[in-house]
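Engineer: Below is a structure I'd like to ask you about.
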Amino acid sequence: MTSTPVRARPAGGAPDRDRVPVERSTLGRRLRGVLPHVLLGTGVVVSLFPFYWMIVMATNTTEAIYRFPPKLTLGSQLGTNVRRVLDSIDFFGSMLNTLIVACSATFLVLLVDSLAAFTFAKYRFPGRNVLFTVLLGMYLLPTQLAILPQFVLMSHIGWAGSLKALLLPPLANAFGIFWMRQYIMRAVPDELIDAARIDGCGFLRQYWHVGLPTIRPGLAFLGIYVFVNAWNDYFWPLVVLVNPDHLTLQVALAQLNTAHSTDFSMVMAGAVMAVVPLALAFVLLARNFVADATRGAVRG
Amino acid sequence: MTPGRAGGGRARAPGAATRRSLRASKEHRRRPVRSYWREYLAISPFYLVFVGFSLAPVIFTLYIAFQRWDGLGEMQFVGLDQFRFLVKDPTFWLSVWNTVVIWVLATFPMLFLALVLASAMNSRRRSVGFYRITFFVPNVTSIVAAAIFFFAIFSSQYGIVNATFHALGLPEVGWMTNPWTIRLVIAMLMTWQWTGYNALIYLAGLQAIPTELYEAARIDGANAVQIFFRITLPLLRPIILFTVIVSTVTGLQSFTEPQVLFGSNAATNPNSGGPGQAGLTMMLYFYQQAFTNNDYGYGAAIVWALCLLILAFVVINWRIVRGGDDD
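Sequence lines, in order, name chains A and B.
Converting from the first sequence to the working numbering requires adding 286 to each position, the first position being numbered 1.
Converting from the second sequence to the working numbering requires adding 197 to each position, the first position being numbered 1.
Right, dumping it as structure tokens:
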């Protein structure tokens, strides 16, 4: 416990190290310098090893992986494994379904949440605080508490089994509004809205021409958050997609695993195909995402 | 309501905002409520969905918990029978035990490792952008794929984990057959997914601690251990509280991991959650009762029990992390 976190030191405080006399042996100092690298390196290996090993398994035969000693390098069986995945599940169909759901959910959440959050952050109206407190209270209740009636409702209106059923529940996500409101309070100066009002902009044009352009980075963050969650969601699609021909990627992947759980190479090929596109897109696009995601907890 | 966030609350530039809100509040006393129709219209789409798909269902779940209902036929009011059955149902208590054990096995190592990683990142002077992205990748990976992967590496005597044990001369472990190792594997999966996320939150907290505090402490002759326990840890407390609460709320709802690993047996054995039912978490039990057995009333009772458990854990953790100071 004590050996590592003591190295906690503000990033900007570097030059002070030489001014403050610290009695340390050279060995101790060298250890202090090396230890963070070792820890971070270990963290990187643990975070990324599963991806490497997934790909190794997906490119070999199950027999080659599950013998002793196992094969640790890439093989040549990827094509075969992928073809067997495509034969067992409707991979591209379910991926298309997932894409449709994730894109629509993202678009709807951004529109609805930014409009509501903009109103909460920048306008006063009777009942505002009560309404917002109710929203925060719901944020703490487990979403699963609503699943049973949601399913009953979807069955009643005939949406069970249809992708439509996946679109509305994410909209009721209080986190989006909460985060967006915090963001807009900081990002949009009141003067800008006042100026627009004096120039004769109505409410909607204040939102559209002043609010939206200013909060584009915030929209990018919330968009990625909603998209990733919709892409990876499992419980609700599993419950509501009662038609086995019409699944999302995660449910199809779980089915592949259930049907062929010992054919590890083939199942892993499916997992790689389901995971790698999103992980790659995330690494390439999400430069600011992580900073935004963690900032919400600290300020707020 | 959201303690972790409230703790970090900070006065924002008072000038313009206050002036505006004062003026606005005077205005608002004069204007009739219906003149705010634009504002209400703007928030109405969210609240319509919110009431329809969140608030009303939560209340309806409570109502169902007092009924006997298979989702199709007539509801039959049974009072507290579902809850009476619940407290005598050994499988329910097993699922509570499994949920709590998995949560403990996952949360404490996760938050400790996250603090270690955050401190290591904070000690570096150059940019930590690469680490940030890398440590976040497990969190955007689908739990289904991760669960399949963990099953593959821990399974049988030939998985890479047992192969490594074999190479090191250690005895092989039946990871997926022993109740305790099953819970351990599920906890490790959660740790893998959430450690980086928590580390980045801690990093943001560490970077928000003013440099001057450390300088003053060092000039006063405090050593590194004293600085950590007297400055870093107390100032990080609101952030730690936030991570503990998030981990409690998400960790006690674990479902996908055991469902993907052991849910498939449900067809042959409706109560199954893996060997010894060690992977049967409360959410998985709820899913099986409600959607496999069509026992909606009992499912609703289970999910409300889970909600109360989460609430109790949040309050207990809040007390512990808050410690002696009541501000």
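Glycine included, C-beta positions come from ideal geometry on N, C-alpha and C.
Owing to the predicted nature of the structure, the values given are computational and were not obtained by experimental measurement.
1. Would Ala303/B and Ile398/B be called neighbours here (beta carbons separated by less than 9 angstroms)?
2. Can you round the beta-carbon distance between Phe550/A and Ala349/B to whole angstroms, since I take them to be within the 8 angstroms contact cut?
3. Beta carbons nearer than 7 angstroms to chain B: which residues of the stretch 545 to 561 of chain A have them?
4. Report the neighbours of Leu539/A on chain B: residues whose CB is nearer than 8 angstroms to its CB, in chain order.
5. Give me the Cα-Cα distance between Val246/B and Gln436/A, rounded to the nearest whole angstrom.
6. Could you say which of Ala451/A, Leu570/A, His323/A lies nearest to Thr534/A if we only look at CA atoms?
7. Under 8 angstroms by Cβ, that's how I've got Met387/B and Gly448/B pegged, so tell me the actual separation to the nearest angstrom.
8. Buried or exposed: where does Ala545/A fall if 16 or more other Cβ atoms within 10 Å of its Cβ makes it buried?
9. For Gly205/B, collect the residues of the same chain with a Cβ closer than 6 angstroms to its Cβ; drop the 5 residues on either side in sequence, then sort them by chain order.
10. Are the stretch 373 to 381 of chain B and the stretch 408 to 420 of chain B in contact at 8 angstroms, needing three or more beta carbon pairs?
11. Which residue marks the beginning of the alpha helix (DSSP H) containing His363/B, and which one marks its end?
12. Using a Cβ-Cβ cutoff of less than 8 angstroms, which residues in the same chain neighbour Ala391/A once the five nearest sequence positions on both sides are dropped?
13. Would you mind working out which of Tyr352/A, Leu364/A, Leu334/A, Gly413/A sits nearest Ala589/A, comparing C-alpha positions?
14. Taking the beta carbon of Ser339/B as the centre, do at least 16 other beta carbons fall within 10 Å, making it buried, or is it exposed?
15. In the DSSP assignment, what residue or residues form a beta bridge with Gln264/B?
16. At a cut of 8 angstroms, does the stretch 407 to 423 of chain A reach the stretch 479 to 488 of chain B through at least three beta carbon pairs?
17. Can the beta-carbon of Ser374/A be found less than 9 angstroms from the beta-carbon of Met552/A?
18. Does the stretch 321 to 333 of chain B come within contact of the stretch 489 to 507 of chain B, defined as at least 3 CB pairs closer than 8 angstroms?
19. Check each residue of the stretch 376 to 393 of chain A: if its Cβ is closer than 7 angstroms to any Cβ of chain B, include it; give the result in chain order.
20. Is it buried or exposed, Gln273/B, if we count other Cβ atoms within 10 angstroms and call 16 or more buried?
21. Consult DSSP for Asp399/A and reduce its assignment to one of helix, strand or coil.
22. Count the other CB atoms within 10 Å of the CB of Gly402/B; is the residue buried (16 or more) or exposed (fewer)?
23. Identify the contact partners of Gly473/B in chain A, using a Cβ-Cβ distance below 9 angstroms as the criterion.
24. In chain A, which residues lie less than 9 angstroms from Tyr157/B when you measure between Cβ atoms?
25. Using the C-alpha atoms, what's the distance from Pro356/A back to Asn336/B?
26. Looking at chain B, is there any beta carbon in it that lies within less than 9 angstroms of the beta carbon of Gly504/A?
27. Any idea if Gly486/A is buried or exposed, counting beta-carbon neighbours within 10 angstroms, 16 or more meaning buried?
28. Can you tell me which of Leu430/B, Thr489/B, Pro407/B, Leu381/B puts its alpha carbon nearest to the alpha carbon of Val528/A?
29. For Ser380/A, which residues from the same chain have a beta carbon less than 7 angstroms from its beta carbon, with the 5 sequence-adjacent residues on both sides left out?
30. Quick one: residues in its chain with C-beta nearer than 6 angstroms to the C-beta of Arg265/B, no 5 flanking neighbours on either side, listed in chain order?
31. Please compile the residues from chain B whose C-beta is within a distance smaller than 8 angstroms of the C-beta of Trp339/A.
32. Using 8 angstroms as the cut-off, can you tell me whether the stretch 428 to 446 of chain B makes contact with the stretch 279 to 297 of chain B, which would need three or more C-beta pairs spanning the two stretches below that distance?
33. Give a yes or no on contact between the stretch 312 to 327 of chain A and the stretch 310 to 321 of chain B, applying the rule of three or more CB pairs nearer than 8 angstroms.
Structural biologist: Based on what the coordinates show:
1. For Ala303/B and Ile398/B, no; Cβs fall outside 9 angstroms.
2. 5 angstroms
3. Phe550, Val553, Met554, Ala557, Ala560, Val561
4. Ser339, Val341, Ala342, Ile345
5. Each residue's Cα considered, the two are about 12 angstroms apart.
6. Ala451/A
7. 7 angstroms
8. exposed
9. Residue confidence is low: Gly205/B scores 35 on pLDDT, short of 50, so the model does not pin down where it sits. Its coordinate-derived value is still stated next. Result list for Gly205/B: Pro435, in chain order.
10. no
11. 357 to 364
12. Result list for Ala391/A: Leu452, Leu453, Pro456, Leu457, Val512, Phe513, Ala516, in chain order.
13. Look at the range of chain A in this structure, 287 to 586, and you will see that residue 589/A is not part of it.
14. buried
15. Paired residues: Phe274/B.
16. no
17. yes
18. no
19. none
20. By the Cβ neighbour-count rule, Gln273/B is exposed, with fewer than 16 other Cβ atoms within 10 Å of its own.
21. helix
22. Label assigned to Gly402/B: buried.
23. Ordered by position in chain A, no residue passes the 9 angstroms Cβ test against Gly473/B, which lies about 19 angstroms from the chain.
24. Residue 157/B is absent from the structure shown; chain B starts at 198 and stops at 524.
25. 28 angstroms
26. Taking Cβ atoms only, chain B never reaches closer than 9 angstroms to Gly504/A, which makes this a no.
27. Looking at its Cβ environment, which holds fewer than 16 other Cβ atoms inside 10 Å, Gly486/A is exposed.
28. Thr489/B
29. Leu533, Thr534, Leu535, Ala538
30. So the qualifying residues of the chain are Gln273, Val275, Gly494.
31. Phe346, Ile350, Ile357
32. no
33. Yes: at least three Cβ pairs fall under 8 angstroms.
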